[in-house]
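K.L.:
Below is the structure I would like to discuss, written out as structure tokens.
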Amino acid sequence: MSDLLRAPAEIKYAEELDWLESIDDNPKPFSWRLSPKMIRLFILGSERADGLDHEVSQKWFGDRSIVERAIVTLASDRGLLLIGDPGTGKSWLAELLAAAVCRNSTLVVQGTAGTTEDHIKYSWNVSMVIAKGQSRESMIPSPIMTAMESGVIGRFEELTRSTSDVQDALISILSEKYISVPELDSDNIVFAKPGFSVIATANSRDRGVNDLSSALKRRFNFVRIPVVTNKKSEAEIVRFRTEELLRRHQIELDVPPTLLDVLLQSFADLRASAAAAASDDEKLESALSTAEQIGVLEDAILHSNFFGERALTARTLASSLVGSLARREPEDLAILNKYLHGVVEPRSKEEGGSWPEFLEGGRDAIATLS
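This is the structure in structure tokens:
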């Protein structure tokens, strides 16, 4: 695993999955590798009341009912659509579910404006077609078709970014559970095996890009992933991802709890400001998601490790925040400058602590970018 830039969940947590599979005596739908109870345990982590010999780490932080509904949907004949704001962990939850159900989370189609029916059905190996004609051997199955033939989970990222033609092609796959190959005279239907399902994700902010048809909506169970607003839960997510980064880069660097509090409070302040803004021009272009918060902290940690004193400081954190969130010039810089002067400056005088250094670092970063 050390020679992979990013190992998929089934490889990253292979030992844990093997152990859970070895002790799992609960009923399993289809050819699932784990039972629904063990999948929930794998994703949400173990508790002392579970009475297990090994501790199972928590990998996704959210409401238990969301995970349970997602698992139940996959055990039915309907597709699962995870929908929510950017950075709410939709793709990560989809990957964990696929890894736990079938030990393969890599059968993925990425929805874009350029995604075609070929990407969810099949295409052809041109050289083989020229040499031997069209046959099953010269056909290149899509990740979705491969999932159908194997009876496993296929994933479709950013469904609403794909065109209506692609979405319509997915309707027949979800409803009929087979794909016709009219170019072939025989063996021209690929049927889905038991266990096949599709997990799709969609950003709620993409509404209006390529809205889902009512026919496609009927083929999915919608599970909405809310934005994390609980500061404790958000802190757990940020710590979890940051610890992964430190292990991956073999960095020995502490993240002081006071600086984590500064980061969490800054994002809470900026979200409140965005919610009260009268127009889009008064909002940062950033969605201010938990994922972006993690990105700010990771940037600050890496900068401190490579160019600093191997200690995270409030100045570096402020510089990373401004550099990550200032995407429009001068609009975003003006919004961040207003935040520093209107919120951070009074707080630094009243509370002290890390806030004065954070204020100074933010001002310097804005001056550099202006």
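Residue numbers (numbering that gives the first Met the number 0): 0 to 369. Glycine included, every Cβ here is placed at the ideal spot set by N, Cα and C.
1) Any idea if K231 is buried or exposed, counting beta-carbon neighbours within 10 angstroms, 16 or more meaning buried?
2) In this structure, what does DSSP give as the bridge partners for Y177?
3) My output table needs one value for E308: the three-state DSSP class, helix, strand or coil.
4) Using the DSSP secondary-structure output, state which residues sit across from F219 in a beta bridge.
5) Going by the beta-carbon positions, is the gap between I161 and T111 smaller than 8 Å?
6) Looking at the secondary structure, which residues open and close the alpha helix (DSSP H) in which W354 lies?
7) Nearer than 7 Å: is that true of the beta carbon of W91 relative to any heavy atom of the ligand ZN?
8) Can you tell me which residues form a DSSP beta bridge with G83?
9) To test your reading of the DSSP string, which unbroken alpha helix (DSSP H) runs of 4 or more residues are found completely within the region 276 to 340?
10) Excluding sequence positions up to five away, which residues of its chain have a Cβ less than 8 Å from the Cβ of D210?
11) What is the C-beta distance between V66 and I42, in whole angstroms, given that I count them as a contact (C-beta under 8 Å)?
12) Roughly how many angstroms separate the alpha carbons of D76 and S285, rounded to a whole number?
13) Which residue or residues does DSSP assign as beta-bridge partners of G153?
14) Contact check, L245 vs L252 under 8 Å by CB: the rounded distance?
15) Measure the CB-CB distance between R270 and L296 and report whether it falls below 8 Å.
16) Pull up the distance between the alpha-carbon of D17 and that of T315, whole angstroms please.
17) Kindly list the residues whose CB is nearer than 6 Å to the CB of G150, restricted to its own chain and excluding five residues on each side of it in sequence; keep chain order.
18) Per DSSP, what are the beta-bridge partners of W59 in this structure?
19) Once the 5 residues before and after D279 are set aside, which same chain residues still bring their CB inside 7 Å of it?
20) Quick check on the burial criterion: 16 or more other C-beta atoms within 10 angstroms. Buried or exposed for I236?
21) If you run the structure through DSSP and keep just helix, strand and coil, what is V254?
22) Evaluate P329 with the Cβ neighbour count: other Cβ atoms within 10 Å of its Cβ, from every protein chain shown; 16 or more gives buried, anything less gives exposed.
23) Apply the 10 Å Cβ neighbour rule to S122 and answer buried if 16 or more other Cβ atoms are within range, or exposed otherwise.
24) State the start and end residues of the unbroken beta strand (DSSP E) segment that holds V108.
25) What is the DSSP secondary structure of S265, reduced to helix, strand or coil?
P.N.:
Quick answer:
1) exposed
2) F190
3) coil
4) G78
5) It is worth fixing the name first, because residue 161 is Ser in this sequence and not Ile. Yes, these two residues count as a Cβ contact at 8 Å.
6) 354 to 368
7) The ligand ZN is absent from the structure shown, which contains no ligand whatsoever.
8) N202, I224
9) 289 to 306, 313 to 324, 330 to 338
10) T159
11) 5 Å
12) 37 Å
13) V197
14) 7 Å
15) no
16) 41 Å
17) S30, K192, P193, G194, F195
18) Paired residue(s): none; W59 is not in a bridge.
19) none
20) buried
21) coil
22) exposed
23) exposed
24) 107 to 109
25) helix
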